[in-house]
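**Q** Numbering of the sequence shown is given in my numbering, commencing with residue 39 and proceeding in unit increments.
Ideal Cβ positions, reconstructed from N, Cα and C, are used throughout, including at glycine.
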Amino acid sequence: MTRPNRGRTAAPRHQVVSDVMTRRVHVAGPLTPFKHLVRLIQENRVSAIPIVDRQGIPIGIVSESDLLLKGLRRELESSGDLLHFQRRRRQLAKAEGTVASDVMTSPAVTVPSDTSLSHAAHVMHEKNLRRLVVVDERGRIAGIVSKSDLLQVFLRDDEELRVEIASTLVPALLPSSPGLGIEVHTNVVTLSGHLDRKSDAEILTRLTSEVDGVVDVVDELTYRWDDSAPAPVASLSRRRDFRAI
39 MTRPNRGRTA APRHQVVSDV MTRRVHVAGP LTPFKHLVRL IQENRVSAIP IVDRQGIPIG
99 IVSESDLLLK GLRRELESSG DLLHFQRRRR QLAKAEGTVA SDVMTSPAVT VPSDTSLSHA
159 AHVMHEKNLR RLVVVDERGR IAGIVSKSDL LQVFLRDDEE LRVEIASTLV PALLPSSPGL
219 GIEVHTNVVT LSGHLDRKSD AEILTRLTSE VDGVVDVVDE LTYRWDDSAP APVASLSRRR
279 DFRAI
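Below you can see the structure in the form of structure tokens.
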């Protein structure tokens with residue numbers, strides 16, 4: 039009977055943000071003038087500039103949206119929107135700013151360089167962000183990761199995915215798995231073949247879906263034994279025999 043090798047790691051290594059982030063990041067200090075911020079964004083064709091202190095620790099970020107508030111200053115001054123008064127006041131303060139510390143969004147949302155791509159995507163989604171500042175173990179800026187960076191993993195080649203699943207995942211999970219079929223088309227993996235246990239098929243399907251770059255898994259696996267079903271319990275006889283003492 040084929041059984042998973044529980045003593046070995048079945049899952050391949052997942053990519054982290056340091057694998058896909060932009061390492062060469064243009065930064066500015068808190069006293070950088072407004073005009074220089076605009077120049078940094080325009081000349082380097084980026085959408086935001088991290089603001090760091092003298093130790094290189096991120097303290098905020100200036101985006102194109104922050105800078106564009108400058109052109110909305112009069113509109114913000116005359117607005118009578120009481121429902122979003124606090125937000126309008128923050129935007130007006132940025133619109134009147136002249137240096138980075140005035141216009142930046144603070145604090146900067148950061149993640150460690152060893153953060154998984156899935157967790158980085160979760161943070162972006164929860165906070166409605168287009169990018170995250172990446173920091174090293176000392177809290178200093180190490181790079182910046184964007185939504186488009188996180189999507190790069192889904193550009194992995196079909197054959198590359200098939201080889202990783204066949205040579206790394208399957209041998210670690212099922213050392214003996216003759217006749218197991220693995221096909222990949224546009225990053226959708228189809229698994230086929232006959233395994234011993236239902237739990238083996240379920241684990242293989244789940245771990246395959248967690249491989250970086252896999253879009254979906256089509257499960258065509260069959261199995262000999264449904265080990266998820268409870269084992270039958272033998273009924274106990276209610277008959278009692280009494281013996282004379």
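1. Report the residue from Arg125, Ala131 and Glu202 whose alpha carbon sits nearest the alpha carbon of Gly109.
2. Can you tell me which of Thr70, Tyr261 and Trp263 puts its alpha carbon nearest to the alpha carbon of Val137?
3. Are Glu197 and Val222 touching if we call contact CB-CB under 9 Å?
4. With a 10 Å radius around its C-beta and 16 neighbouring C-beta atoms as the bar for buried, classify Gly181 as buried or exposed.
5. Using the Cβ count rule (16 or more neighbours within 10 Å means buried), how would you classify Thr148?
6. What residue ranges within the region 73 to 115 form continuous beta strand (DSSP E) runs of no fewer than 3 residues, ordered along the chain?
7. Taking the C-alpha atoms as reference points, what is the distance between Thr206 and Thr260?
8. Keeping to the same chain, check which residues put their C-beta closer than 8 Å to that of Lys236; ignore five residues upstream and five downstream.
9. With a CB to CB cut of under 7 Å and the five nearest residues on each side skipped, what residues in its chain are close to Ile179?
10. For a minimum of 4 consecutive residues, which ranges assigned as the alpha helix (DSSP H) are wholly contained in the region 177 to 251?
11. Can you tell me whether Phe280 is buried or exposed, with buried defined as 16 or more other CB within 10 angstroms of its CB?
12. Name the residue from Val58, Pro209 and His163 whose alpha carbon lies nearest to the alpha carbon of Asp238.
13. Determine the burial state of Val253: buried for a count of at least 16 other Cβ atoms within 10 Å of its Cβ, exposed for fewer.
14. Thinking C-alpha only, which one of Asp257, Val100, Phe192 and Asp187 is nearest Leu218?
15. Would you mind sorting Leu121 into buried or exposed? The rule is 16 or more other CB atoms within 10 Å of its CB.
16. If distances are taken between C-alpha atoms only, which option among Gly177, Arg61 and Ser139 comes closest to Phe72?
17. Where do the N-terminal and C-terminal ends of the alpha helix (DSSP H) with Glu164 fall, by residue?
18. Should Glu319 be labelled buried (16 or more other beta-carbon atoms within 10 Å of its own) or exposed?
19. On the CB-based measure, 16 or more other CB atoms within 10 Å of its CB, does Arg51 come out buried or exposed?
20. Report the residue from Ala159, Leu155 and Arg169 whose alpha carbon sits nearest the alpha carbon of Ala146.
21. Taking its Cβ as the centre, do 16 or more other Cβ atoms sit within 10 Å of Ser184, making it buried, or is it exposed?
22. What is the DSSP secondary structure of Arg169, counted as helix, strand or coil?
**A** Judging by the given coordinates:
1. Along the sequence shown, one-based indexing puts residue 109 at 71. Closest by alpha carbon: Ala131.
2. The count along the sequence shown starts at 1 and reaches residue 137 at position 99. Measuring from the Cα of Val137, the nearest candidate turns out to be Thr70.
3. Looking up residue 197 in the sequence shown gives position 159. Looking up residue 222 in the sequence shown gives position 184. It is a contact, given that the beta carbons lie within the stated cut-off.
4. Position 143 of the sequence shown, counted from the start, is the residue given in the question as residue 181. Answer is buried; the Cβ neighbour count reaches 16.
5. Your numbering for residue 148 matches position 110 in the sequence shown. The residue in question, Thr148, is buried, as its Cβ has 16 or more Cβ neighbours within 10 Å.
6. 86 to 90 and 96 to 101
7. Stepping through the sequence shown from its first residue, residue 206 is reached at position 168. Stepping through the sequence shown from its first residue, residue 260 is reached at position 222. Between the C-alpha atoms of Thr206 and Thr260 there is a straight-line separation of about 21 Å.
8. Within the sequence shown, numbered from 1, the residue matching residue 236 stands at position 198. Around Lys236: Tyr261, Trp263, Asp264, Asp265 and Ser266.
9. Working through the sequence shown from its first residue, we reach residue 179 at position 141. Closer than 7 Å at the Cβ level, and outside the excluded window around Ile179, lie Val63, Val65, Pro88, Val90, Gly94, Pro96, Val171 and Val173.
10. 185 to 189, 196 to 202, 208 to 211 and 236 to 247
11. Residue numbering aside, residue 280 sits at position 242 when the sequence shown is read from its first letter. For Phe280, the predicted structure reports a pLDDT of 49, less than 50, and the residue's modelled location is therefore unreliable. The matter cannot be settled from this model.
12. Within the sequence shown, residue 238 is the residue found at index 200, counting from 1. Ranking the options by Cα distance to Asp238, first place goes to Pro209.
13. In the sequence shown, counting from the first residue as 1, residue 253 sits at position 215. With fewer than 16 Cβ atoms within 10 Å of its Cβ, Val253 is classed as exposed.
14. Your numbering for residue 218 matches position 180 in the sequence shown. For Leu218, the nearest C-alpha among the options comes from Asp257.
15. Mapped onto the sequence shown, residue 121 falls at position 83. Because the pLDDT at Leu121 is just 49, under 50, the model does not fix this residue reliably, and the value given afterwards should be weighed accordingly. Per the 10 Å Cβ criterion, exposed.
16. The residue you call residue 72 lines up with position 34 of the sequence shown. Out of Gly177, Arg61 and Ser139, Ser139 has the C-alpha closest to the C-alpha of Phe72.
17. Position 126 of the sequence shown, counted from the start, is the residue given in the question as residue 164. Leu155 to Lys165 is the extent of the alpha helix (DSSP H) around Glu164.
18. The displayed coordinates of the chain run from 39 to 283. Any statement about residue 319 would go beyond what the structure contains.
19. In the sequence shown, residue 51 corresponds to position 13, counting from 1. Label assigned to Arg51: exposed.
20. If you number the sequence shown from 1, residue 146 lands on position 108. Ranked by Cα distance from Ala146, the first of Ala159, Leu155 and Arg169 is Arg169.
21. Residue numbering aside, residue 184 sits at position 146 when the sequence shown is read from its first letter. The residue in question, Ser184, is buried, as its Cβ has 16 or more Cβ neighbours within 10 Å.
22. As a position in the sequence shown, residue 169 is number 131, starting the count at 1. Three-state result, Arg169: strand.
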